[in-house]
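S.K.: The structure follows.
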Amino acid sequence: MRTRPRFLAPVLVPIVAAALAAGTAQAGAAPATPSAAAVDVVLPLTADADVNSAFDGGNAFGEYLKAGTEADGEKSRTYLRFDTRGLRAPVKAVLTLTNVDAPGCGPVVGAGIQVRPVTDFWDPTAQTWTPQPANGATGAVLSTEGSRQGVCGSGRMSWDVTAIVAEWAAGTAKNHGLVLLAPTEVAARNYRVFASGENSEGLGDPPTLKVTTETPFTPGEGDDPAEPGPAPSDQWPGRVEPDTGVWLTGGTDVFEPGLVTTRSHSAGQRIDLTNPNEQVLGPDWRLEPLGGVLGDRLKDFSANGYLQISRTSGSSSDRYLADPARPGTFTSRDGGTVVRNADGTFTERDADAAAASRTWRKVGTDHLITATTHPEAGTTTIGYDAQGRVSTLAAPTADTATFRYATTTTATAAAPGDVAGQLKDVEYDAAGDPPPAVVVAYSYDSGKRLRRVDDLRRMDGEPVATSTYTYDPAGNITQLNTPPDGLWNLTYAAAGKMQTATKPPTAALQPHCKYASQYLWGRDGCWAGPVPMSYGGRKIQPSWRRTPGNKAVVGVTDDRCTAPALQKPGGFDFRIACDMHDYGYGIIYLKTRQWDKSKKGAVDSVFYTTLRDHTCNAYPSARRSSCKNWASDYYFFVSRFGGSSMKYAREY
7 MRTRPRFLAP
17 VLVPIVAAAL
27 AAGTAQAGAA
37 PATPSAAAVD
47 VVLPLTADAD
57 VNSAFDGGNA
67 FGEYLKAGTE
77 ADGEKSRTYL
87 RFDTRGLRAP
97 VKAVLTLTNV
107 DAPGCGPVVG
117 AGIQVRPVTD
127 FWDPTAQTWT
137 PQPANGATGA
147 VLSTEGSRQG
157 VCGSGRMSWD
167 VTAIVAEWAA
177 GTAKNHGLVL
187 LAPTEVAARN
197 YRVFASGENS
207 EGLGDPPTLK
217 VTTETPFTPG
227 EGDDPAEPGP
237 APSDQWPGRV
247 EPDTGVWLTG
257 GTDVFEPGLV
267 TTRSHSAGQR
277 IDLTNPNEQV
287 LGPDWRLEPL
297 GGVLGDRLKD
307 FSANGYLQIS
317 RTSGSSSDRY
327 LADPARPGTF
337 TSRDGGTVVR
347 NADGTFTERD
357 ADAAAASRTW
367 RKVGTDHLIT
377 ATTHPEAGTT
387 TIGYDAQGRV
397 STLAAPTADT
407 ATFRYATTTT
417 ATAAAPGDVA
427 GQLKDVEYDA
437 AGDPPPAVVV
447 AYSYDSGKRL
457 RRVDDLRRMD
467 GEPVATSTYT
477 YDPAGNITQL
487 NTPPDGLWNL
497 TYAAAGKMQT
507 ATKPPTAALQ
517 PHCKYASQYL
527 WGRDGCWAGP
537 VPMSYGGRKI
547 QPSWRRTPGN
557 KAVVGVTDDR
567 CTAPALQKPG
577 GFDFRIACDM
587 HDYGYGIIYL
597 KTRQWDKSKK
607 GAVDSVFYTT
617 LRDHTCNAYP
627 SARRSSCKNW
637 ASDYYFFVSR
647 FGGSSMKYAR
657 EY
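Counting in the numbering used here, the sequence shown runs from 7 upward without gaps.
Written as C-alpha cells, this is what we have:
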C-alpha cells in the first residue's frame, strides 16, 4: 500500500501526439482516429496503492504495485487515481504501466489484467484488502500482454480506457480512480508487477494516463468535471493535521466582520504549541482570536544585532539582522523588515507591499501583536490584560469584541459553570448600534474541561444555539453536538488519533441547511443553485471543487479572487477558496431575506477557515505561517469590502 499527495503540481504539458507501443489487447469498439490537430495531455498521478489477500500491511511507500493471482490463490489488486481537473473530451485515453515481472512472455500470458473504474471512495493511506471500494464493469478493458522490462517486449502494458475517461470528461461518472485486477481472480499464475509512482530505482515511468484531445487543456488546472465530491471522512466534524496526523475539531465563535475568533481542540501533540495566553478554554483547547495569527512571538536580541520572530506554524522562525545603513531597522533574508519605533514598539512589514503590517508591543515578558494594518482594509487593534490574555479586538469599522474571564469557580461535578482564569464570555459592540451584548458564553466542568458553548445571538429569531462536548480519560472528545455539525460519536486509536466518526440515528431531523459551512462545504445535502453574483444578476451553476489541501467544497466560476494578480498571493493557490466564497455570496443574493447581510460574516469566516486550514495545509510547514498571514489579509479585506451591495432585511 502506498500513498501520494492528492494533487501534485502538473509536470507535463500538452505534447504532440505520438504512437503508443504495440501489444495491447482491448475490449469494446475501436477508438476514433485522432486528427492532426489533436494533442496528448498526461494527467497527474495523485494516488497509487496495492492490496493483497494474503499480506496487506507495512508497505505504505513501496516501489512496486502488484495485480493478478498466484497458483496458491493469493490475489492482488492495484488502485490508481489521476487528477481530472480541466479534463476535456478525449479522442483517445491510454493507461500505461511499466511492467517489471510476469509469469511469462508474449502477447497472451494467462487471463491477463483488467482495468475497471472504481465507483466508491478509497484512501491510499488506509486501504486494505477488506473492505475495498466498489468497482464497475462499464468501460472495463483487458490486456493479456506479458511484456517484461529487460526480458521481453517493451516492458510496458497499456489499456485503452477511452470509454472510462469519456464519462469522466462528460461528468456522467465520478473519478474515484481505476483498479487493476485479474478478470476472474481464480487461482492461477496470472500476475503482473509494476513500477509505482514512488519507484526510485529508475525502472521506468510511473503509472501514466495519457489523454489525446482536440481541445487542449492544462492538466490539474480548472474545473473538475469528474470531481466525486466529499469522501465520508470529509463530512466528519474536524480535520487531520497533515504533519502529525492528529485530529482537530472546534468552531467559530465570533464571525462579525473583522473580529473572527475560532477555537480548536486535540488531545494529541500538535505541530503548533499552544501559548499560555491561548490556554483559556480548558485542557487541550486553543483560543484563536483573529483566527490564531496572534500566536507569533517577537524576541528582542538587538543587543546582539538581531530580532527573532517565532511563527505560529510549527517551529519555524525568522531572524531579522540589524541594518548598518538604517539604524533601528532589521531585515530578513526574504526582504521583510522590522523597525523599532520611538515609543519602543516594533513595526513588521513583509517584502510584499500589499501585505499587512503588524505592530508589536511588550506585554509582560513577551512582545505581542497589538495591531495589524491592511493597506486597504484599515487597522485592527488588539488589547491584552495583565496576564497577557486577549481582552479586546477592535475592527477597522470600530466594532469591538471584549473577552471576559471568570474570577471565581462555580463549576461542580453536578453542574457546568465558570472556572477562574478561563474565558467566561465574549461581548460584541457594533459601532453606532448600542448597547453591547454577550454573543457567546462558555461553561466548564469541575475538571476545567469545556462542556458547553452557547451562541446567544439568536439569529433570525432562532433559539440559543448550543454546542456540547464529552471526553474520555485521555482528553479526546468522544461525543460532540454542535449546530452546524449535529451529533457525532467519535473513537480514537490513541490520544488525538481519531479512528471512527459516526452519526447516531435520530427520531427527528436536525435543523437543516441554516449554516454557511453546510452550503460551502456541501454538508448534509445542502445545495443551492444556480446562484447570482449580484441581485438580479446572471446565475451560475455551482459544482464540487477541491482545495490544494484536499478539502471538498462547493464553488462557482466567476471572477475567482477578483483579479489575476490575487489568485496566488505569495505563490499560495487561493482560487478554489475564492470560488467557494463567491458561491457563498451567491446564496445570499439568491435567498435575500433569509440570507441577508446578517449572514455575510458567516460566509467570510468559512472562507477564512478554508484558506487557513484547508489551503495552507498543502504547503511545507516553513511556509505555512506566510500563507496564514495572506489568509488573514484576504479575510480582513472581504469582511470590510465584500458584498457591498448586500442589504439588511429592514432595508428592503
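Cβ atoms here follow ideal geometry from the backbone N, Cα and C, with glycine treated the same way.
Is Pro282 helix, strand or coil by DSSP?
M.R.: Indexing the sequence shown from 1 puts residue 282 at position 276. Three-state DSSP puts Pro282 in a helix.
S.K.: For Ser631, which residues from the same chain have a beta carbon less than 7 Å from its beta carbon, with the 5 sequence-adjacent residues on both sides left out?
M.R.: One-based indexing of the sequence shown puts residue 631 at position 625. Excluding sequence neighbours, Ser631 sits near Arg317, Thr318, Ser319 and Ser322.
S.K.: Spatial neighbours of Asp391 within its chain, please: C-beta separation below 8 Å, excluding the five flanking residues on both sides.
M.R.: Indexing the sequence shown from 1 puts residue 391 at position 385. Contacts found: Ser397 and Tyr411.
S.K.: Kindly indicate the opening and closing residues of the alpha helix (DSSP H) around Arg629.
M.R.: Walking along the sequence shown from the start, residue 629 turns up at place 623. Ser627 to Phe647 is the span of the alpha helix (DSSP H), which, as asked, contains Arg629.
S.K.: Keeping to the same chain, check which residues put their C-beta closer than 6 Å to that of Ser69; ignore five residues upstream and five downstream.
M.R.: Locating residue 69 in the sequence shown gives position 63, where the first residue counts as 1. This sequence places Glu at residue 69; Ser is not what is there. Same-chain partners within the cutoff: Ser202, Glu204 and Asn205.
S.K.: What residue does the alpha helix (DSSP H) around Glu173 start on, and which one ends it?
M.R.: The count along the sequence shown starts at 1 and reaches residue 173 at position 167. First-last of the alpha helix (DSSP H) with Glu173: Thr168 to Ala176.
S.K.: Less than 8 Å between the C-beta atoms of Gly590 and Ile546, yes or no?
M.R.: Against the sequence shown, residue 590 aligns to sequence position 584. Against the sequence shown, residue 546 aligns to sequence position 540. Not a contact, by the Cβ cut-off of 8 Å.
S.K.: Grab me the residues of Gly335's own chain with a C-beta within less than 7 Å of its C-beta, minus the 5 sequence neighbours each way, in chain order.
M.R.: Taking the sequence shown and counting its residues from 1, the one referred to as residue 335 is at position 329. Per the sequence shown, residue 335 should be read as Thr rather than Gly. Closer than 7 Å at Cβ, skipping near neighbours: Asp329, Thr343 and Val345.
S.K.: Beta strand (DSSP E) containing Met539: first to last residue?
M.R.: Taking the first residue of the sequence shown as 1, we reach residue 539 at position 533. Element bounds for Met539: n/a, residue is neither H nor E.
S.K.: Taking 8 Å as the cut-off, decide whether the C-beta atoms of Asp461 and Val444 are in contact.
M.R.: As a working note, residue 461 is residue 455 in the sequence shown. As a working note, residue 444 is residue 438 in the sequence shown. Against a cut-off of 8 Å, the Cβ pair of Val444 and Asp461 comes out as no contact.
S.K.: What is the DSSP secondary structure of Tyr734, reduced to helix, strand or coil?
M.R.: The structure shown does not extend to residue 734, since the chain is modelled only from 7 to 658, so the question has no answer here.
S.K.: Rounding to the nearest angstrom, what Cα-Cα distance links Ala637 and Cys622 in this structure?
M.R.: Here the question's residue 637 lines up with position 631 in the sequence shown. Here the question's residue 622 lines up with position 616 in the sequence shown. Using only the alpha carbons, I get a separation of about 8 Å.
S.K.: Looking only at C-alpha atoms, which of Pro289, Thr414 and Thr553 sits nearest to Pro479?
M.R.: On the sequence shown, position 473 is the one that residue 479 refers to. Of the candidates Pro289, Thr414 and Thr553, the one whose C-alpha sits nearest the C-alpha of Pro479 is Pro289.
S.K.: Going by C-alpha distance, which of Thr474, Val470 and Arg464 is nearest Arg458?
M.R.: As a working note, residue 458 is residue 452 in the sequence shown. Answer by Cα proximity: Thr474.
S.K.: With 16 other CB atoms within 10 Å as the buried threshold, where does Ala28 fall?
M.R.: As a working mapping, residue 28 is identified with position 22 in the sequence shown. The pLDDT assigned to Ala28 is 30, lower than 50, so where the model puts this residue is not dependable; a value taken from the coordinates is nonetheless given after this. Counting Cβ neighbours within 10 Å, Ala28 comes out exposed, since fewer than 16 surround it.
S.K.: On the DSSP bridge list, what partners appear for Tyr498?
M.R.: Taking the first residue of the sequence shown as position 1, residue 498 is located at position 492. Met504, per the DSSP bridge assignment.
S.K.: Starting from Leu49, follow the beta strand (DSSP E) in both directions and report where the run begins and ends.
M.R.: By one-based count along the sequence shown, residue 49 stands at place 43. Looking at the DSSP string, the run of the beta strand (DSSP E) that includes Leu49 is Val45 to Leu49.
S.K.: Decide yes or no for the touch test of the segment 287-303 against the segment 265-272: beta carbon pairs closer than 8 Å, at least 3 of them.
M.R.: Contact holds: three or more Cβ-Cβ distances are below 8 Å.
S.K.: Reducing DSSP to helix, strand and coil, say where Tyr595 ends up.
M.R.: Taking the first residue of the sequence shown as position 1, residue 595 is located at position 589. Three-state result, Tyr595: helix.
S.K.: Assign Tyr448 to buried or exposed, taking buried as 16 or more other Cβ atoms, counted over all protein chains shown, within 10 Å of its Cβ.
M.R.: Within the sequence shown, numbered from 1, the residue matching residue 448 stands at position 442. Per the 10 Å Cβ criterion, buried.
S.K.: Can you tell which of Leu51, Thr52, Asn105 and Pro50 has its C-alpha closest to the C-alpha of Lys72?
M.R.: Numbered from its first residue, the sequence shown carries residue 72 at position 66. Among Leu51, Thr52, Asn105 and Pro50, the Cα nearest to that of Lys72 belongs to Asn105.
S.K.: Output yes or no for whether 8 Å exceeds the beta carbon distance between Val300 and Ile388.
M.R.: Stepping through the sequence shown from its first residue, residue 300 is reached at position 294. Stepping through the sequence shown from its first residue, residue 388 is reached at position 382. It is worth fixing the name first, because residue 300 is Leu in this sequence and not Val. Closer than 8 Å, so yes.
S.K.: Less than 8 Å between the beta carbons of Ala232 and Ala172, yes or no?
M.R.: Residue mapping note: residue 232 aligns to position 226 of the sequence shown, counting from 1. Residue mapping note: residue 172 aligns to position 166 of the sequence shown, counting from 1. Result no, Cβ atoms of Ala232 and Ala172 do not sit closer than 8 Å.
S.K.: For Ala362, is the classification buried or exposed, using 16 other Cβ atoms within 10 angstroms of its Cβ as the cut-off for buried?
M.R.: Locating residue 362 in the sequence shown gives position 356, counting from the first residue. Label assigned to Ala362: buried.
S.K.: Can you check which of these residues, Thr52, Arg367, Val369 and Gly341, is closest to Ala359 by C-alpha distance?
M.R.: In the sequence shown, the residue the question calls residue 359 occupies position 353. Of the candidates Thr52, Arg367, Val369 and Gly341, the one whose C-alpha sits nearest the C-alpha of Ala359 is Gly341.
S.K.: Could you spell out the range, first to last residue, of the alpha helix (DSSP H) harbouring Phe409?
M.R.: Along the sequence shown, read from residue 1 onward, the residue named residue 409 stands at position 403. Unbroken run through Phe409 is the beta strand (DSSP E), Thr406 to Tyr411; no alpha helix (DSSP H).
S.K.: Which whole-angstrom value is the C-beta distance of Val559 and Arg551, which I expect to be below 8 Å?
M.R.: The sequence position of residue 559 within the sequence shown is 553, counting from 1. The sequence position of residue 551 within the sequence shown is 545, counting from 1. Their Cβ separation, rounded to whole angstroms, is 5 Å, which keeps Val559 and Arg551 in contact under 8 Å.
S.K.: State yes or no: is the C-beta of Lys503 within less than 8 Å of the C-beta of Gly492?
M.R.: Taking the sequence shown and counting its residues from 1, one reaches residue 503 at position 497. Taking the sequence shown and counting its residues from 1, one reaches residue 492 at position 486. Their beta carbons are not under 8 Å apart, which means Lys503 does not touch Gly492 by this criterion.
S.K.: To which residues of the same chain is Pro238 closer than 8 Å at the C-beta, ignoring the five residues directly before and after it?
M.R.: The residue given as residue 238 occupies position 232 in the sequence shown. Closer than 8 Å at Cβ, skipping near neighbours: Phe127.
S.K.: Are the Cβ atoms of Val97 and Ala176 separated by less than 8 Å?
M.R.: Numbered from 1 along the sequence shown, position 91 holds the residue referred to as residue 97. Numbered from 1 along the sequence shown, position 170 holds the residue referred to as residue 176. Contact flag unset, no.
S.K.: Work out the CA separation of Thr378 and Gly577 for me, nearest whole Å.
M.R.: Here residue 577 corresponds to residue number 571 of the sequence shown, with the count starting at 1. Here residue 378 corresponds to residue number 372 of the sequence shown, with the count starting at 1. Approximately 22 Å, taken between the alpha carbons.
S.K.: Give, in chain order, every unbroken run of the beta strand (DSSP E) that is at least 3 residues long and sits entirely within the segment 289-335.
M.R.: Counting whole runs of 3 or more residues, the segment 289-335 contains the beta strand (DSSP E) stretches 291-295, 303-307, 312-316 and 323-328.
S.K.: Is it buried or exposed for Thr30, if we count other Cβ within 10 angstroms and need 16 for buried?
M.R.: Counted from its first residue, the sequence shown places residue 30 at position 24. Low confidence applies here, because Thr30 scores a pLDDT of 35, under 50, leaving its location unreliable; read the following figure in that light. So Thr30 ends up on the buried side.
S.K.: Here's a check: name, in chain order, each residue in its chain whose Cβ is nearer than 6 Å to the Cβ of Ala499, leaving out the five neighbours to either side.
M.R.: As a first step, residue 499 must be located in the sequence shown, where it is residue number 493. Excluding residues within five positions, the ones whose Cβ falls inside 6 Å are Gln505.
S.K.: Quick check on the burial criterion: 16 or more other C-beta atoms within 10 angstroms. Buried or exposed for Gly116?
M.R.: One-based indexing of the sequence shown puts residue 116 at position 110. Buried is the call here.
S.K.: Using only CA atoms, which one of Thr414, Pro225, Leu486 and Thr484 lies nearest to Lys454?
M.R.: Residue mapping note: residue 454 aligns to position 448 of the sequence shown, counting from 1. Comparing Cα positions, the closest option is Thr414.
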